[in-house]
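Engineer: Residue 0 is where the sequence shown starts when you use numbering that gives the first Met the number 0, and the numbers rise one by one after that.
Can you read through this structure? Questions will come right after.
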Amino acid sequence: MVRNAERLQKAFRQTGQTIVIVHVDPTGALFTRIRTEASQKKPAKDAPSAHFTELLPEITIRENDILITKHVWNAFFETNLHRQLRQKGITQLILSGVSTSIGVEGTARAAAELGYNLIFATDAMTDTIPESQTNSLIHIFPRLGELGATEHIIRLIEDTFF
């Protein structure tokens, strides 16, 4: 998954396309403070590790990239992502990342509602729960956009921009 995300990033850089890197930091998010039901509280074993908010070293950030820090599942919620994409005239997004059924799906649903055309890089995303990933890939994503493997998406990018 990481290798494929890295390959997509390289293809985007070679063709001068905009890259959006979403940094996740749920610290202080409203949903972490408002739940009062005991059954809704996270057990200590599910608490994020100290490295949870760090980006992988394979995912590099450059000056022209859009860097978004999200605090919830949806990268558009209370961020300036939509404004930045619109300013650049971007209407299509290729989505990858972690976790398929949470961050990718949450962002995809919002993106679809905002009118973006979506492509899902199916082998550049993963989930801690395999059944959840399967549900997103089979039942949700086909309703929101197109699905493709990294190699296919890279060929499309190269055919379009070279």
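Note that beta-carbon positions come from the ideal geometry of N, C-alpha and C, so glycine has one too.
1. Buried or exposed: D24, going by 16 or more other Cβ atoms within 10 Å of its Cβ?
2. Tell me which residues share the same chain as K44 and place their Cβ nearer than 7 Å to its Cβ, disregarding the 5 neighbours each side in the sequence.
3. Hey, could you find the ends of the alpha helix (DSSP H) K9 is sitting in?
4. For K9, count neighbouring Cβ atoms within 10 angstroms of its own Cβ and tell me buried if that reaches 16, exposed if not.
5. What is the C-beta distance between F160 and T14, in whole angstroms, given that I count them as a contact (C-beta under 8 Å)?
6. If you draw a straight line from the C-alpha of K87 to the C-alpha of H81, how long is it?
7. By a C-beta neighbour count over all protein chains shown, 10 Å radius and 16 as the cutoff for buried, is A4 buried or exposed?
8. Could you tell me which of I101, A109, V19 sits nearest to P129, measuring between CA atoms?
9. Output the boundary residues of the beta strand (DSSP E) element that contains L92.
Structural biologist: On the basis of the coordinates in this document:
1. exposed
2. At K44, the pLDDT of 46 sits below 50, so the modelled position is not reliable; the number obtained from the coordinates is stated separately. Here the set comprises nothing.
3. 1-13
4. exposed
5. Your pair F160 and T14 checks out as a contact, with CB atoms roughly 4 Å apart and the cut at 8 Å.
6. Rounded to whole angstroms, K87 to H81 spans 10 Å at the Cα level.
7. buried
8. Selected option, being the one with the closest Cα: I101.
9. 91-97
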